[in-house]
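Asks: In full-length UniProt numbering, the protein residues as written are 1 to 303.
Backbone N, C-alpha and C fix where the C-beta goes; we use that ideal spot for every residue, glycine too.
#1: Would you say residue 185 and residue 253 are within 7 Å of each other, going by their C-beta atoms?
#2: Could you check if residue 42 is buried or exposed, using at least 16 other CB atoms within 10 Å of its CB as the buried criterion?
#3: Just to confirm my understanding: we take residue 248, look at its own chain, exclude 5 residues before and 5 after, and list those with CB closer than 7 Å. What are they?
#4: Look at the alpha carbon of residue 212 and the alpha carbon of residue 168, and state the distance between them as a whole number of angstroms.
#5: Using 10 angstroms around the beta-carbon of residue 7, count the other beta-carbons present and answer buried if the total reaches 16, otherwise exposed.
#6: In the DSSP assignment, find the unbroken alpha helix (DSSP H) run with residue 360 in it and report its ends.
#7: How close, in whole Å, do the beta carbons of residue 260 and residue 183 come, if the pair is a contact with beta carbons under 8 Å?
#8: Output yes or no for whether 7 Å exceeds the beta carbon distance between residue 195 and residue 241.
#9: Specify, as a first and last residue, the run of the beta strand (DSSP E) that residue 59 falls within.
#10: Give the single residue among 139, 15, 246 and 115 whose Cα lies nearest to the Cα of residue 152.
#11: Taking DSSP's pairing of strands, which residues face residue 196 in a bridge?
#12: Does the pairing of the segment 154-169 with the segment 275-288 give three or more beta-carbon distances under 8 Å?
#13: Can you find a heavy atom of the ligand NAP that lies under 6 Å from the Cβ of residue 215?
#14: Answer with buried or exposed for residue 229, where buried requires no fewer than 16 other C-beta atoms within 10 angstroms of its C-beta.
#15: Expressed to the nearest angstrom, what Euclidean distance is found between the alpha-carbon atoms of residue 218 and residue 208?
#16: Is the beta carbon of residue 221 closer than 7 Å to that of residue 235?
#17: Quick check on this structure: which residue in 59, 215 and 12 has the alpha carbon closest to the alpha carbon of residue 142?
#18: Pull up the distance between the alpha-carbon of residue 23 and that of residue 70, whole angstroms please.
#19: From residue 287 to residue 49, what distance separates their C-alpha atoms?
#20: Just how far apart, CA to CA, sit residue 284 and residue 100?
#21: Could you tell me the distance, in whole angstroms, from the CA atom of residue 116 to the CA atom of residue 131?
#22: Distance, Cα to Cα, residue 238 vs residue 57?
#23: Assuming contact is defined by CB atoms lying nearer than 7 Å, are residue 15 and residue 66 in contact in what I supplied?
#24: In the structure shown, what three-state DSSP assignment does residue 276 receive?
#25: On a CA-only basis, which of 111, 98, 125 and 120 is nearest residue 135? Give me that one, please.
#26: Which whole-angstrom value describes the C-beta separation of residue 270 and residue 95, a residue pair presumed to lie in contact below a C-beta threshold of 8 Å?
#27: For residue 165, collect the residues of the same chain with a Cβ closer than 7 Å to its Cβ; drop the 5 residues on either side in sequence, then sort them by chain order.
#28: Using only alpha-carbon positions, find the residue among 181, 232 and 53 that is nearest to residue 206.
#29: Is the beta carbon of residue 37 closer than 7 Å to that of residue 10?
#30: Could you check where the beta strand (DSSP E) with residue 99 kicks off and where it finishes?
#31: Across which residues does DSSP place residue 309 in a beta bridge pair?
#32: With a Cβ-Cβ cutoff of 7 Å, do residue 111 and residue 294 count as a contact?
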């Protein structure tokens, strides 16, 4: 039996994610392509690897055995690649980073500039994801590293397999329609009767703001639900409510809004996460150092 690494990777992802549809979505394949490759793997194995469990496909005992070996084989291949990367001292290395909109528009260009200056052999590719999805993509190897968030009102759960290095601390500010609030500084409690524009509570940001409002003694009245910060700011500029935005998020702030400081001192910490097993990869450390310097240059250095 000589299965391809590609098919072993699909088998590993099926064990992790549970459905062919989830595997296809995570790896940017069609469902039929994943199914065909898994069927070929089963023929190569010469024994059933999968079994129907209602509408889902589970692994047989043989499938579980092969999936365990697949994890070992793929890890060894990755380690070999990293060893060669270290031998080249970073020359020709490509890192894939998970970002979200406000990082992509501000911190990413600044950090890549610093990295290119100090380590011209390291190329960065980025993939935009929701902040809630970045750690999972790093853990399963889809990304080399990713930017992750912790809000002062709602810290993110730690993932044991990942190392996280803080690089920036942002303040959250009130964004209101121009001239709607006559004050130099406001508290969250002052906003109790206002209509809000806010992300869904399943999002990390939407949940963090709701928790902060509840701690201030009220439930925010969500008039408009918007996942993208730029969309929320546009709705505020149209006079449809208030929202909160971070320092990076304000880089695309429209003209017809007022940005006011909050006396509640809400903050969020931006960190870079990568797998602990990759800690010896020098390009990862070079990336962290470059983006730490870039964040400091933007006035957002972490303590």
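Replies: Reading off the structure:
#1: no
#2: buried
#3: 102, 103, 106, 107 and 170
#4: 21 Å
#5: buried
#6: The question about residue 360 has no answer here: the residues shown for the chain are numbered 1 through 303.
#7: 7 Å
#8: yes
#9: 56-59
#10: 246
#11: 222 and 242
#12: yes
#13: This structure lacks the ligand NAP; in fact it carries no ligand of any kind.
#14: buried
#15: 14 Å
#16: no
#17: 12
#18: 16 Å
#19: 40 Å
#20: 19 Å
#21: 25 Å
#22: 49 Å
#23: no
#24: helix
#25: 98
#26: Wrong, their Cβ atoms sit about 17 Å apart, outside the cutoff.
#27: 271, 272 and 288
#28: 232
#29: yes
#30: 93-99
#31: Only positions 1 to 303 of the chain appear in this structure, which leaves residue 309 out of reach.
#32: yes
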